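Asks: The structure that follows is given in the form of structure tokens.
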Amino acid sequence: MQLVLDTEQQQLRSTVRKLLADHNHVRSVVDGDESYDRVLWRHLAELGLTGLVVPEEHGGAGAGHVERCLVLEELGRALAPVPFLASAVLAVDALMALGDTGLLPALASGERIGAVAVSGVDGSWGPAPVAATERDGGWVLEGTAPFVISGDVADVFVVYTESGWFVAEDARRTPLTTLDPTRGQAKLEFSATPARRLDTADPAAVLEKVRDLASVALAAEQVGGIAKVLETTVEYAKVRVQFGRAIGSYQSVKHACADLYSTSERAESLLRHAAWVADHEPEALPLAAATTQVFTGPAYFAAAASGLQLHGGIGYTWEHDAHLYYKRAKSSELLFGGQDEQLARLAGRLAEVR
Amino acid sequence: MSEFREKVRAWLAANVPGDEELETAKRFQTALYDAGFAGITWPEEFGGQGLTAAEQQIFDQESARYDLPTSVFRIGMGMCGPTIVDLGTPEQKARYIPPLLRGDEIWCQLFSEPGAGSDVASLQTRAVRDGDEWVINGQKVWTTVAHLADFGALLARTDPDVPKHQGLTMFLIDMHDPAVTVRPLKDMTGRAPFNEVYFENLRVPADAVLGQVGQGWLAAVTMLGHERVSIGGFVRKRHDPLAHANLAETARKYGRDTDPVVQAELAKLYAAERALALFNTRLRQEADAGTPPGARGSVAKLAGAQLMQQAVAVAGLIGGPRVAAWDPDDPAGDELALAINQTPSSSIAGGTDQIQRTIIGDRILGLPREPVVDRDVPFRELRVGTQRPA
Ligand SMILES: Cc1cc2nc3c(=O)[nH]c(=O)nc-3n(C[C@H](O)[C@H](O)[C@H](O)COP(=O)(O)OP(=O)(O)OC[C@H]3O[C@@H](n4cnc5c(N)ncnc54)[C@H](O)[C@@H]3O)c2cc1C
């Protein structure tokens, strides 16, 4: 098990960090009219990052999850408003797990954006309330998928229903109003929409695998977010003076920063392990993925809330990014079935391993 | 690597004894040494194995399945020994390290005093030069295993005319000297694993100094760094009733394992335990790659103490009234109570949680230090304990 990054991995990380530093991407969406940063998406695609884990024969870079997680960490640090999680993680992982390679080159190149519809009306991770029926030798979808991450900007939809997995290229989409302004969600309505069935012996097993990988990917974003909150908070504590001293010299502030650091280091350790496991010990992934989410989900929100508090009034203003991390952290905690489901999954897996 | 693991596994299966008696512990440590498992990462010239943190980790993983009777050696192995390796003269290393590794000699750490705990540099124990010797007078407190120790690493004031951090020196002393008095001190569990220690004209030779005269603070900081890593990286004992696996077992025993609240709290505890274990693994891998943990050991120490507190909460949730009262002949009740009562020590001993947070803030995050009032004042003029400026 390798939890320390090698030189190549460190290089990848600094390349992505530099790319993201050249522009305040998050504000282009939060204060602009765009729903995602197209320019940034194109840059990520040009660097081959949108197809990082796609095998080379399908137009990708054939890299591992450790590498993809590094990219996600950086995207999470910067709150980069791009549909990476939806397309380069969820859609790519679902298609790869289903062995359906036709769409992979277009997703890998970033030319098309994918989204996955996998949640029920209450947000639970399971079949979308969409009916699939066979008609004239093909399939059509009927119904509404309620919470589809980046469904507002995607042009290919992978849909999980009671009758298995489907791909549709058409849907009526209603962008939802979101707590997190940096990541859109949409409601998708299908009405007699033609779809292609993705055959698989065990559709539910694919769903589990996709969620495990997605949990690790989300943890990478969260770990990046925690690290950024720590960094900006510590910087601020060094320069903000009150009562004649830098606030970071006051113990209640210093100790809160120390707790942020401790959280950050432990979350990163869980992530490094889960990402390594995804590449090298897939049989251990279900346990590692659930463990990681149970820790990083609430940890990110606590960190973001603490970071905001330590910024005082300025942290509560629209111009400051502290609220964006707060909102991203809370909504991330609620994705993929939320903490309740993650806890139940972990409990179930712990019961299995003994 | 897997060969090493096989070797460790087979040896442990054949050799771990069933009790923690002192003689058993000593025999077991000697056997560890003979088998090549004592001082796995220590230099070979003093009997260590010169291997890497990876082998140490394999040993720790395998031995976590057992309760090794090695706690009496923890201060020597985790703190005094590594500091002697760092700062000792060749003679000191040759004299003290091999018997320590073999389990022939037990060590204690004589830092804290009634008036100097977190602020250990304000200590009052004096060492005065007299010809070729030093004469030591004073008192230490909370000294773990002093009653069993053969040697102690003692921090004393050798110059009261300079600021408090500059006038300290570390000595390696013989605990069997008649000038040393050890009095047991009961802790909140009702046992007496630590002591008060008094020195009345204790004479030690000049070569008892570890490091340089007046450089005792450096030696102390070195030892405290080892201490944090040693405490933080400490592997849970197999039968620690507060370890996740054992709490899960207890939940099953009491029929509480299907309660969703219990399941959720156990899952959170598991995640916290894994996070800390993986953080420690990362520190070791970094050390192997050439980056020592430095003050990051404080994270392990702090998170370890928090984990214990979380586990106590889960134990209460699972056990309910059985945690508060049990049949006098139920050993499981006693074990859990002992573990609960020991928990506060993890956030006090080796530097409190508050002190660890300050260390992380100052040394890792580079936050501005608190204003200090005593850095540049000669110790003699400070208000310390009963001492008052003239
Ligand atoms: C089980 C156990 C074993 C021990 N073994 C040894 C041993 O073998 N050898 C040895 O030398 N010592 C030993 N000690 C002593 C231990 O190192 C001290 O108890 C510890 O460092 C705290 O010092 P104190 O007890 O004087 O508390 P104090 O320093 O008086 O602290 C009281 C409270 O004030 C807080 N506080 C103090 N200073 C600050 C500050 N600057 N900022 C914020 N908060 C502060 C503390 O966090 C604590 O909450 C042991 C202690 C225990 C409990």
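Line by line, the protein sequences give chains A and B. If you read the first sequence in the numbering used here, its first letter stands for residue 1, the second for the next number, and so on. If you read the second sequence in the numbering used here, its first letter stands for residue 1, the second for the next number, and so on. A virtual CB, placed ideally from N, CA and C, is assigned to each residue, including glycine. This one's a predicted model, so the numbers in the text were calculated from it and none came from an experiment.
Under 8 Å, Cβ to Cβ, is there at least one residue of chain B near Glu281(A)?
Replies: It does not: the Cβ of Glu281(A) has no partner Cβ on chain B nearer than 8 Å.
Asks: At which residues does the beta strand (DSSP E) containing Gly164(A) begin and terminate?
Replies: From DSSP, the beta strand (DSSP E) with Gly164(A) extends over 164 to 168.
Asks: Would you say Ala220(B) and Leu210(B) are within 8 Å of each other, going by their C-beta atoms?
Replies: Cβ atoms of Ala220(B) and Leu210(B): not closer than 8 Å.
Asks: Closer than 7 Å: is that where the CB of Leu110(B) sits relative to any heavy atom of ligand 1?
Replies: Yes, since a heavy atom of ligand 1 falls inside the 7 Å radius drawn around the Cβ of Leu110(B).
Asks: Does the beta carbon of Tyr261(A) come closer than 8 Å to any beta carbon on chain B?
Replies: Yes, because at least one Cβ of chain B sits closer than 8 Å to the Cβ of Tyr261(A).
Asks: Per DSSP, Ile136(B) forms a beta bridge with which residues?
Replies: Bridge partners of Ile136(B): Ala127(B), Leu202(B).
Asks: Please confirm if Lys254(A) has its CB atom under 8 Å from at least one CB of chain B.
Replies: Lys254(A) counts as touching chain B.
Asks: Hey, is Phe301(A)'s beta-carbon within less than 8 Å of any beta-carbon in chain B?
Replies: Chain B, which has no Cβ nearer than 8 Å to the Cβ of Phe301(A), makes this no.
Asks: Would you say Glu169(A) faces chain B, with C-beta separation under 8 Å as the test?
Replies: No - not a single Cβ of chain B is within 8 Å of the one on Glu169(A).
Asks: Find the residues of chain A that neighbour Lys268(B), judging by a C-beta separation of less than 9 Å, and give them in chain order.
Replies: Residues of chain A passing the Cβ test: Val294, Phe295, Pro298, Leu343, Leu346.
Asks: Can you check which of these residues, Val85(B), Arg252(B), Arg228(B), is closest to Gly294(B) by C-alpha distance?
Replies: Out of Val85(B), Arg252(B), Arg228(B), Arg228(B) has the C-alpha closest to the C-alpha of Gly294(B).
Asks: What number of angstroms, rounded off, separates the C-alpha of Phe4(B) from the C-alpha of Glu8(A)?
Replies: Cα-Cα distance, rounded: 30 Å.
Asks: Anything in chain A within Cβ reach of Glu370(B), meaning under 9 Å, just list it in chain order.
Replies: Result: Arg245, Ser249, Tyr250, Gln251, Lys254.
Asks: Name the chain A residues that come within less than 9 Å of Thr52(B), Cβ to Cβ?
Replies: Near Thr52(B) there are no residues of chain A at all, since even the closest Cβ is about 13 Å away, more than 9 Å.
Asks: Does ligand 1 have even one heavy atom less than 7 Å from the beta-carbon of Trp142(B)?
Replies: Yes, Cβ of Trp142(B) sits closer than 7 Å to a heavy atom of ligand 1.
Asks: At a cut of 8 Å, does the region 353 to 363 of chain B reach the region 250 to 263 of chain A through at least three beta carbon pairs?
Replies: Yes, the region 353 to 363 of chain B is in contact with the region 250 to 263 of chain A.
Asks: Does the Cβ of Leu179(A) have 16 or more other Cβ atoms within 10 Å, making it buried, or fewer, making it exposed?
Replies: By the neighbour-count rule (16 or more Cβ atoms within 10 Å), Leu179(A) is not buried but exposed.
Asks: Hey, is Arg357(B)'s beta-carbon within less than 8 Å of any beta-carbon in chain A?
Replies: Yes, its Cβ sits closer than 8 Å to a Cβ of chain A.
Asks: Please list, in chain order, the residues of the region 259 to 290 of chain B that have any C-beta partner in chain A closer than 8 Å.
Replies: Residues passing the 8 Å Cβ filter: Pro260, Gln263, Ala264, Leu266, Ala267, Lys268, Tyr270, Ala271, Ala272, Arg274, Ala275, Leu276, Leu278, Phe279, Thr281, Arg282, Gln285, Glu286, Ala289.
Asks: Taking 8 Å as the threshold, find out whether the region 69 to 78 of chain B comes into contact with the region 12 to 25 of chain B through three or more Cβ pairs.
Replies: Touching, per the Cβ criterion.
Asks: Please state whether DSSP places Val121(A) in a helix, a strand or coil.
Replies: It is coil, neither helix nor strand.
Asks: Which residue's Cα is closest to the Cα of Val71(A): Gly99(A), Ala97(A), Trp41(A)?
Replies: Selected option, being the one with the closest Cα: Trp41(A).
Asks: Between Glu142(A) and Ala186(A), how many whole angstroms is the CB-CB distance? I'm expecting something under 8 Å.
Replies: Contact flag wrong, Cβ pair sits at about 18 Å.
Asks: Within the present structure, is the beta-carbon of Phe295(A) separated from the nearest heavy atom of ligand 1 by less than 7 Å?
Replies: No, ligand 1 has no heavy atom inside 7 Å of this Cβ.
Asks: Secondary structure at Leu343(A), three-state DSSP: helix, strand or coil?
Replies: DSSP places Leu343(A) in helix when its eight states are reduced to three.
Asks: So His273(A) contacts chain B; which residues on that side make the cut at Cβ distance below 7 Å?
Replies: What His273(A) touches in chain B: Leu278.
Asks: Tell me the DSSP secondary structure of Lys164(B) in three-state form.
Replies: Lys164(B): coil per DSSP, three-state reduction.
Asks: With 8 Å set as the bound, which would you pick, yes or no: does the beta-carbon of Leu210(B) sit closer than that to a beta-carbon of chain A?
Replies: Leu210(B) does not count as touching chain A.
Asks: Does the distance from the CB of Ala128(A) to the CB of Ser119(A) come in under 8 Å?
Replies: Yes, Cβ-Cβ distance for Ala128(A) and Ser119(A) is below 8 Å.
Asks: Output needed in chain order: residues of the region 299 to 314 of chain B with a Cβ under 7 Å from some Cβ in chain D.
Replies: The structure shown contains no chain D; its protein chains are A and B.
Asks: Can you give the beta carbon distance from Thr50(A) to Ala108(A), rounded, assuming they're within the 8 Å contact cut?
Replies: With a Cβ gap of about 6 Å, Thr50(A) and Ala108(A) count as contacting.
Asks: Three-state secondary structure (DSSP) at Asp174(B)?
Replies: Strand, per DSSP.
Asks: Cβ of Phe194(B) within 8 Å of Cβ of Gly138(B)?
Replies: No, they are not a contact pair.
Asks: Below 8 Å on C-beta distance, what does Ala3(A) contact in chain B?
Replies: Note that residue 3(A) is Leu in the sequence shown, not Ala. What Leu3(A) touches in chain B: Leu278, Thr281, Arg282, Gln285.
Asks: State the start and end residues of the unbroken beta strand (DSSP E) segment that holds Glu189(A).
Replies: Here the beta strand (DSSP E) through Glu189(A) covers 185 to 198.
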